[in-house]
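In what follows, a structure is listed as structure tokens, so that the remarks can point back to it.
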Amino acid sequence: MIVASPFNGTTPIIHPTAFIAKDAVIIGDVEIAAYVSIW
């Protein structure tokens with residue numbers, strides 16, 4: 001399960017083609033573009 005949490009009122013934006021590892025945590029003012037991998 002990907003954890004994408006808001007911080008200071010800003011929620012991460014994750015492109016549907018991006019790969020996010022199941023144990024990654026994405027927090028705050030983040031935009032993950034197409035075909036990006038986060039491990």
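Positions 1 to 39 (UniProt numbering) are the ones given, in order, by the sequence shown. Yeah, the Cβ is synthetic: ideal placement off N, Cα and C, and Gly gets one too.
- K22 and P16 have their C-alpha atoms roughly 15 Å apart.
- In the three-state reduction of the DSSP assignment, A18 falls in the coil class, being assigned neither a helical nor a strand state.
- For P6, the number of other beta carbons within 10 angstroms of its own is below 16, and it is reported as exposed.
- Taking a 10 Å sphere around the C-beta of I20, we find 16 or more other C-beta atoms and assign the residue as buried.
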